[in-house]
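>
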Amino acid sequence: MRNIKIGLLLWLCLSFLAGCQAVKETTAETSEESIVIGFSQSGTESSWRKRHTESIRTELEKEGYEVLYRNGYMNQERQIQDIRSFIVYQVDAIVFTPIQENNWEPILEEAAQAGIPVFVVDRHVNVSDPSLFLTHIGPSFKAEGNRAGLYVSNYYKEHQNETINVLELTGLDATSPTYLRSEGFRETIKRDYAHNNVTIQVKDELNGDFIRRKGKEVIEQYIAEGKMEQIDVLFSHNDEMTLGALEALEKTDIEPGKDLVIVSIDAQKEMIDKLKQGIVNCVVECNPDAGVFVKNAISRYLARGADAIPREIYVHETVFSSDMDFDQIPPRNY
Ligand code: GYE
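Going by the UniProt record's numbering, the sequence shown runs without a break in its numbering and finishes at 334.
Shown next as structure tokens:
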């Protein structure tokens, strides 16, 4: 009996050791074959951006890819250095969200020479050779602007013989969300009002770089110049700047959401709360959950090559406004 017990123990130990060896071998195999993705993010200026980063990192890691992450701290030179370090490291793919759209050509040429595919996410790049990146993955910024404009034109559809003045608070210059949101908005507010003589016009434009503090500063200045009274609608290119503008408005008699119609873009949790409180009127969603789209594009590229990837991949988005059933708004994760 004792012999049987010793035998059993010995067998268990041997199986355990064999098991360990097998695990070790698989681990070694995986790390040898593991796909490395360099991910250069432009900064951390908003909750939207933080969620965007988290979404991409977690989806890629869940897929078993190794992610080298770098934060560009809103500095293009830094992003260029980060991308160069990925090239030196010979990563399998580069994912990058450009701070603005110009002057990427030289570094993208370096990546192309090294044979590394580039996936541009969120903002666009402006390059003369389109083969320098494989695809662009992100929102339709123009559709976001259209949705904002549509809310405003519907809001005034029963009005008559009026000119509606809009103050546009724009994001960072030379970025596609800024000029496309603007373009989309202006396109829609031009809708024909001839029958009841209503004109919706962008009276003034202020720049807040997508940053809360800057949004607050420029609106404070505008209020100090005595110009805010003439404004009916504030159209802000992102929630952070809207939050800054709301802080500035606290020192006035203007009641946001009532005396001033406010339309914001992103749909961060904080802004959805303001919508529910009636402080803002419309929040156009900008979807930061790009991760799954990025992961799918990379996996598809690895399995089927560059020809299997569309040039433009849109993420889905919606719009929330004061006239909707707030229970329909999905919980926000940013
Ligand atoms: O709307 C904003 C962020 O590029 C679409 O950047 C993005 C914008 C987003 O700072 O909140």
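Note that beta-carbon positions come from the ideal geometry of N, C-alpha and C, so glycine has one too.
Determine, using beta carbons only, whether Gly171 and Asp209 come nearer to each other than 8 Å.
By one-based count along the sequence shown, residue 171 stands at place 171. By one-based count along the sequence shown, residue 209 stands at place 209. Yes, Cβ-Cβ distance for Gly171 and Asp209 is below 8 Å.
> If I follow the unbroken beta strand (DSSP E) through Arg70, where does it start and stop?
Mapped onto the sequence shown, residue 70 falls at position 70. Residues Glu66 to Asn71.
> So, at 6 Å on beta carbons, what are the nonlocal neighbours of Val120 in its own chain, with the 5 sequence-adjacent residues on each side left out?
As a first step, residue 120 is located in the sequence shown; it is residue number 120 there, counting from the start. Closer than 6 Å at the Cβ level, and outside the excluded window around Val120, lie Phe133 and His136.
> Assign Lys274 to one of two classes, buried (16 or more other C-beta atoms within 10 Å of its C-beta) or exposed (fewer than that).
To locate residue 274, count along the sequence shown from 1; it is residue 274. With 16 or more Cβ atoms within 10 Å of its Cβ, Lys274 is classed as buried.
> Can you tell me whether Gly208 is helix, strand or coil according to DSSP?
Residue mapping note: residue 208 aligns to position 208 of the sequence shown, counting from 1. Reduced to three states, the DSSP call for Gly208 is coil.
> What runs of the beta strand (DSSP E), each 3 residues or longer, lie entirely inside the stretch 146-228?
162-170 and 198-207
> With a threshold of 7 Å on Cβ separation, who are the neighbours of Ala112 within its own chain once the five nearest residues in sequence on each side are excluded?
By one-based count along the sequence shown, residue 112 stands at place 112. Here the set comprises Leu132.
> Please list, in chain order, all residues of the same chain as Phe326 whose beta carbon is under 7 Å from its beta carbon, the five residues on each side excluded.
Sequence index remark: in the sequence shown, residue 326 carries index 326 (1-based). Contacts found: Lys276.
> Exposed or buried, which one is His159 when buried takes at least 16 other CB atoms within 10 Å?
Counting from one through the sequence shown, the residue named residue 159 turns up at place 159. Exposed, by the Cβ-count rule.
> Strictly by DSSP, which residues pair up with Val319?
Working through the sequence shown from its first residue, we reach residue 319 at position 319. Per DSSP, Val284.
> Near Thr199, what residues of its chain come up, given a Cβ to Cβ distance below 6 Å and the 5 sequence neighbours on each side ignored?
Locating residue 199 in the sequence shown gives position 199, where the first residue counts as 1. Only Thr163 meet the Cβ criterion.
> Residue range of the beta strand (DSSP E) that Ser40 falls in?
Within the sequence shown, the letter at position 40 stands for residue 40. Where Ser40 is concerned, the enclosing beta strand (DSSP E) stretches over Val36 to Gln41.
> Closer than 6 Å by C-beta to Glu25: which residues in its own chain qualify, once you throw out the five before and the five after it? Chain order, please.
The count along the sequence shown starts at 1 and reaches residue 25 at position 25. Since pLDDT at Glu25 reaches only 40, below the 50 mark, its modelled position is unreliable, and no value is offered.
> Out of Val280, Leu167 and Gln268, point me to the one whose CA is closest to Glu229's CA.
Within the sequence shown, numbered from 1, the residue matching residue 229 stands at position 229. Minimum Cα distance to Glu229 is reached at Leu167.
> CB of Phe210 to nearest heavy atom of the ligand GYE: below 7 Å?
Taking the sequence shown and counting its residues from 1, the one referred to as residue 210 is at position 210. Yes, since a heavy atom of the ligand GYE falls inside the 7 Å radius drawn around the Cβ of Phe210.
> Mapping DSSP to helix, strand and coil, what is Arg332?
To locate residue 332, count along the sequence shown from 1; it is residue 332. Reduced to three states, the DSSP call for Arg332 is coil.
> Within the present structure, is the beta-carbon of Ile265 separated from the nearest heavy atom of the ligand GYE by less than 7 Å?
Within the sequence shown, numbered from 1, the residue matching residue 265 stands at position 265. Yes, since a heavy atom of the ligand GYE falls inside the 7 Å radius drawn around the Cβ of Ile265.
> Does the stretch 66-75 come into contact with the stretch 290-299, if we say contact requires no fewer than three beta-carbon pairs (one atom in each stretch) closer than 8 Å?
no
> By a C-beta neighbour count over all protein chains shown, 10 Å radius and 16 as the cutoff for buried, is Met271 buried or exposed?
Residue mapping note: residue 271 aligns to position 271 of the sequence shown, counting from 1. Under this definition Met271 is a buried residue.
> Expressed to the nearest angstrom, what Euclidean distance is found between the alpha-carbon atoms of Asn161 and Asn197?
The sequence position of residue 161 within the sequence shown is 161, counting from 1. The sequence position of residue 197 within the sequence shown is 197, counting from 1. Here the alpha carbon of Asn161 sits roughly 5 Å from the alpha carbon of Asn197.
> In whole angstroms, what separates the C-alpha of Tyr156 from that of Gly149?
Indexing the sequence shown from 1 puts residue 156 at position 156. Indexing the sequence shown from 1 puts residue 149 at position 149. Taking the straight line from one Cα to the other gives about 11 Å.
> For the ligand GTP, I want to know if Arg57 counts as a neighbour, meaning its beta carbon is within less than 7 Å of at least one of the ligand's heavy atoms.
Here the bound small molecules are the ligand GYE; the ligand GTP is not part of this structure.
> Considering only the beta carbon of each residue, do Ile99 and Gly184 sit closer than 8 Å?
Counting from one through the sequence shown, the residue named residue 99 turns up at place 99. Counting from one through the sequence shown, the residue named residue 184 turns up at place 184. No; because the gap between Cβ atoms is not below 8 Å, this pair is not in contact.
> Suppose the cutoff is 7 Å on Cβ atoms and the five residues either side in sequence are ignored; what does the same chain contact list for Ile231 look like?
Position 231 of the sequence shown, counted from the start, is the residue given in the question as residue 231. Closer than 7 Å at Cβ, skipping near neighbours: Asn165, Leu167, Lys203 and Leu260.
> To the nearest angstrom, how far is it from the Cα of Phe320 to the Cα of Gln328?
Stepping through the sequence shown from its first residue, residue 320 is reached at position 320. Stepping through the sequence shown from its first residue, residue 328 is reached at position 328. If I take the Cα positions, the gap works out to 9 Å.
> Between the C-alpha atoms of Leu243 and Trp48, what's the straight-line distance to the nearest angstrom?
As a first step, residue 243 is located in the sequence shown; it is residue number 243 there, counting from the start. As a first step, residue 48 is located in the sequence shown; it is residue number 48 there, counting from the start. Between Leu243 and Trp48, the C-alpha separation is close to 13 Å.
> Taking Phe293 as part of the alpha helix (DSSP H), name the residues at either end of that continuous run.
In the sequence shown, counting from the first residue as 1, residue 293 sits at position 293. Taken as a continuous stretch (DSSP letters only), the alpha helix (DSSP H) holding Phe293 covers Gly291 to Arg304.
> Assign Leu243 to one of three DSSP states: helix, strand, or coil.
As a first step, residue 243 is located in the sequence shown; it is residue number 243 there, counting from the start. It is helical.
> If you follow the beta strand (DSSP E) that Thr135 is in, where does it begin and where does it stop?
For this step, residue 135 is matched to residue 135 along the sequence shown. Segment Thr135 to Gly138, the beta strand (DSSP E) holding Thr135.
> Quick one: measure Cβ to Cβ for Glu101 and Asn126, integer angstroms, because I've assumed they're closer than 8 Å.
As a working note, residue 101 is residue 101 in the sequence shown. As a working note, residue 126 is residue 126 in the sequence shown. Yes, they are in contact, since the Cβ atoms of Glu101 and Asn126 sit about 4 Å apart, within 8 Å.
> Have a look at Tyr222, Glu144 and Ser153 and flag the residue whose alpha-carbon is nearest the alpha-carbon of Glu180.
Here residue 180 refers to the residue found at position 180 when the sequence shown is read from its first residue. It is Leu, not Glu, that sits at residue 180 in the sequence shown. Comparing Cα-Cα distances from Leu180 to each of Tyr222, Glu144 and Ser153, the minimum goes to Glu144.
> Measuring from the CB of Pro98, is there a heavy atom of the ligand GYE at a distance below 7 Å?
In the sequence shown, the residue the question calls residue 98 occupies position 98. Distance from the C-beta of Pro98 to the nearest heavy atom of the ligand GYE is not below 7 Å.
> Going by Cα to Cα distance, which pick from Val91, Asp129, Glu220 and Lys216 is closest to Ala114?
Within the sequence shown, residue 114 is the residue found at index 114, counting from 1. Minimum Cα distance to Ala114 is reached at Val91.
> Could you have a look at Ile56 and say whether DSSP puts it in helix, strand or coil?
Residue mapping note: residue 56 aligns to position 56 of the sequence shown, counting from 1. In the structure shown, Ile56 sits in a helix (DSSP, three-state: H, G or I).
> Taking Tyr65 as the reference, which of Arg212, Ala93, Tyr151 and Val36 has the closest Cα?
Numbered from 1 along the sequence shown, position 65 holds the residue referred to as residue 65. It is Val36.
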